[in-house]
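S.K.: In full-length UniProt numbering, the protein residues as written are 1 to 439. Take a look at the following structure, please.
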Ligand code: SAH
Ligand code: SF4
Ligand code: F3S
C-alpha cells in the first residue's frame, strides 16, 4: 500500500470556517489524505480563508506567496483556496497566483474529492456554485475516532440581513437551516466520540428554523432537545442577531441547565443614526432592552459583542453614543474593528471617515472594553465555577479549560479530569485567564 497523502490545512476567519476545515479534511480523508502540521510535508495545502475585512483577504495572497518555493521544489504539491475569499474572488485568485490548483467556495466543498482528482490529472479545478443539493447530505458521515471535549456544530448558514458593511450574504449565500434530526444525530455522534460541550454555529444562529417533527423548530427548541442528550454537559451558540432573540430563547437562558451563561450579541454601534445607515434594523434602545430581558432570565450571564468604528459618516457624537451603550451593557468580552471598505457592499460608496480619526476611536473604545473585561474577570475571584478541562497547562501538574462563562482557567488537577467538568474556586485573575484551585 502506498503511503497516505498529506494535507496541510490552515484556517482563517470565524468558527464556521473551523468547522468547515474539519469537514474538508474528513472529505479528503476518503481520498487517502491524513493531516500534517507542516506545509513542507504536504501533498496538498488548503487555505480556508476569510473575506470579512481587507486585511484578512489580502493575507491570503501573502501566504500563497510563501508557498511558491515549496511548489517549485515539489511539482506534485497541490495548492487550494477554500472559504469566503474563494467565493468572493473565484478565478481572480488563479489569475493573481497561477500556482493555485483549486478554488472552492463554502457551499461546494462536498465536491472536493472530485476536484482533487482533477488536479491530479494536471487540470485546474474551480467551484464557487451555490448548488441545489445540500452539501451536508453529500458529505460522508463523520469518522468515529475519539476527539477532544469541545466541538463546533454548524446548524445554520448564510445571511439575509445585508448589513451595509458586510460581505457574508454574498460569500455564504441565503440563510439555510439544517434539519433537526441531522443536527441531533451529529450531536449524539460527537458525544459518543468524547465531546462534552457543543457550540452551535450559524452566521445568524438564532434565526435557525430547521425542519423537524411538527414543523420548523426554533433554536430554543433545538437547544432543549440537545439538553436531553446524556453525556453532553454544555451547550453554547454563536453568532446571534439582536432581532432574532425570541422569548423562548431568552427564557432558555434561565431554565435550560446545560445552556451556558454566555451570549455573544453583536450590536456594531450605539448610535441610531449609524445603525440605520448600517441597515441593522434595530436601535440602541431595542438592543439594551434585549440585554435587560436576558439578564432578568439569567442574572450572571456574560455578554460579549462586536463593534465597528469609523463606519462611513460616523461623527464624534455617534462614537460617544457607542461608548455610552458600552457603559450601559458592561461587556465581559468584546471584539472591535475599524471599518474596512468591502467592494460590492453598499457602505463602500459612502463618504469615508478619516483613517487617523477611526484609529483614535478604536483605541478609545478598546480601552473602555478592556477595562470592563478586566473588571468582570476580577469579579470572578473567590467564586466557585464549573470548568471543562481541555488539556494540560503550561506548568507541570496543571490543566487548562473553560469556565461556564468561557474564561480560560488554569488549575492544578490530575490528568484524568481532561474531558470532565470540575468545580474550581477562582483565586486570581491574569490578563487573559483565571487561576483556580480544584475543589
Ligand atoms: N453574523 C455575525 C458576525 C458577522 S462577521 C453578526 O451578524 O454579527 C463578524 C464581525 O465582523 C461583525 O460582527 C462585525 O463587527 C465585523 N465586520 C463585518 N464586516 C466588517 C467590515 N466591513 N469592516 C469591519 N468589521 C466588519
Ligand atoms: Fe453580516 Fe449583518 Fe449578516 Fe451579520 S447579520 S453576517 S454582520 S450581514
Ligand atoms: Fe470570514 Fe466568511 Fe466567516 S468572511 S468571518 S470566514 S463567514
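Every residue, glycine too, gets a C-beta built ideally from N, C-alpha and C. Everything numeric in this text was worked out from a predicted model, so none of it was measured.
From 116, 78, 128, pick the residue whose C-alpha is nearest to that of residue 91; which is it?
M.R.: Of 116, 78, 128, the residue nearest in Cα terms is 128.
S.K.: Which residue comes first and which comes last in the alpha helix (DSSP H) that contains residue 28?
M.R.: That run of the alpha helix (DSSP H) goes 15-29.
S.K.: Residue range of the beta strand (DSSP E) that residue 262 falls in?
M.R.: It spans 262-264 - the beta strand (DSSP E) in which residue 262 sits, taken as one unbroken run.
S.K.: Mapping DSSP to helix, strand and coil, what is residue 426?
M.R.: Strand, per DSSP.
S.K.: Locate the alpha helix (DSSP H) running through residue 93, then write down its first and last residues.
M.R.: Its alpha helix (DSSP H) spans residues 91-96.
S.K.: Return helix, strand or coil for residue 10, following the three-state DSSP convention.
M.R.: In this structure, residue 10 counts as strand in the three-state DSSP scheme.
S.K.: Quick one: give me the first and last residue of the alpha helix (DSSP H) that residue 298 is part of.
M.R.: Where residue 298 is concerned, there is no enclosing alpha helix (DSSP H), given that its DSSP letter is neither H nor E.
S.K.: Tell me whether residue 420 sits in a helix, a strand or coil according to DSSP, three-state version.
M.R.: Of the three classes helix, strand and coil, the one that applies to residue 420 here is coil, per DSSP.
S.K.: Check whether the Cβ atoms of residue 434 and residue 426 sit closer than 8 Å, and answer yes or no.
M.R.: Their beta carbons are under 8 Å apart, which means residue 434 touches residue 426 by this criterion.
S.K.: Is residue 25 near residue 9, with beta carbons less than 8 Å apart?
M.R.: Yes, the pair counts as a contact, with Cβ atoms nearer than the cut-off.
S.K.: Candidates 29, 377, 226: which alpha carbon is nearest residue 301's?
M.R.: Comparing Cα positions, the closest option is 377.
S.K.: Between residue 276 and the ligand SF4, is there a pair consisting of the residue's CB and a ligand heavy atom that are separated by less than 7 Å?
M.R.: Checking the Cβ of residue 276 against the ligand SF4 gives no.
S.K.: Give the residues whose C-beta lies closer than 5 Å to at least one heavy atom of the ligand SF4, in chain order.
M.R.: The set, ordered by position in the chain, is 159, 161, 163, 166, 168, 203.
S.K.: What beta strand (DSSP E) runs, 3 residues minimum, are completely inside the region 361-424?
M.R.: If we require 3 residues or more, the beta strand (DSSP E) runs fully inside the region 361-424 come out as 384-392, 398-403, 408-412.
S.K.: Using a threshold of 7 Å, is the CB atom of residue 378 nearer than that to any non-hydrogen atom of the ligand SAH?
M.R.: No, the ligand SAH has no heavy atom inside 7 Å of this Cβ.
S.K.: How would you call residue 162, buried or exposed, if buried means at least 16 neighbouring beta carbons within 10 angstroms?
M.R.: By the 10 Å Cβ count, residue 162 comes out exposed.
S.K.: Straight-line CA distance for residue 164 to residue 272?
M.R.: Between residue 164 and residue 272, the C-alpha separation is close to 14 Å.
S.K.: Of all the options 145, 227, 277, 114, which has the alpha carbon lying nearest to the alpha carbon of residue 350?
M.R.: For residue 350, the nearest C-alpha among the options comes from 277.
S.K.: Is residue 44 helix, strand or coil by DSSP?
M.R.: Residue 44: strand per DSSP, three-state reduction.
S.K.: Would the beta-carbon of residue 259 fall within 8 Å of that of residue 235?
M.R.: Yes. Within cutoff.
S.K.: Would you list the one or two residues that DSSP bridges to residue 334?
M.R.: Residue 334 pairs with 305.
S.K.: Thinking C-alpha only, which one of 201, 345, 390 is nearest residue 14?
M.R.: Residue 14 has its Cα closest to that of 201, out of 201, 345, 390.
S.K.: In three-state terms, what does DSSP make of residue 513?
M.R.: Nothing can be reported for residue 513, as the shown portion of the chain is limited to 1 through 439.
S.K.: Quick check: what's the CA-CA separation for residue 368 versus residue 379?
M.R.: Between residue 368 and residue 379, the C-alpha separation is close to 17 Å.
S.K.: Is the closest heavy atom of the ligand SAH to the C-beta of residue 239 under 7 Å?
M.R.: True, at least one ligand heavy atom lies under 7 Å from that Cβ.
S.K.: On the DSSP bridge assignment, give the partners of residue 438 in chain order.
M.R.: The partner list for residue 438 (beta bridge, DSSP) reads 424.
S.K.: Give the range of the beta strand (DSSP E) segment to which residue 234 is assigned.
M.R.: Where residue 234 is concerned, the enclosing beta strand (DSSP E) stretches over 234-238.
S.K.: Pairing CB atoms from the region 175-186 with CB atoms from the region 58-68, are three or more of them under 8 Å?
M.R.: Cβ pair count under 8 Å is below three, so no.
S.K.: Is it right to say residue 27 is buried, meaning 16 or more other beta carbons lie within 10 angstroms of its own, or is it exposed?
M.R.: By the neighbour-count rule (16 or more Cβ atoms within 10 Å), residue 27 is buried.
S.K.: To which residues of the same chain is residue 216 closer than 6 Å at the C-beta, ignoring the five residues directly before and after it?
M.R.: Once the five neighbours on either side are set aside, the close Cβ partners of residue 216 are 209.
S.K.: Can you give me the Cβ contacts of residue 191 inside the same chain, cut-off strictly under 7 Å, excluding the 5 residues immediately before and after it?
M.R.: Here the set comprises 229, 231, 232.
S.K.: Is residue 352 helix, strand or coil by DSSP?
M.R.: Of the three classes helix, strand and coil, the one that applies to residue 352 here is coil, per DSSP.
S.K.: Measure the CB-CB distance between residue 19 and residue 59 and report whether it falls below 8 Å.
M.R.: Cβ atoms of residue 19 and residue 59: not closer than 8 Å.
S.K.: Buried or exposed, going by whether 16 or more other CB atoms sit within 10 Å of the CB of residue 362?
M.R.: Residue 362 comes out buried.
S.K.: Please state the DSSP three-state secondary structure of residue 215.
M.R.: Residue 215: strand per DSSP, three-state reduction.
S.K.: Does the pairing of the region 147-154 with the region 387-406 give three or more beta-carbon distances under 8 Å?
M.R.: Contact holds: three or more Cβ-Cβ distances are below 8 Å.
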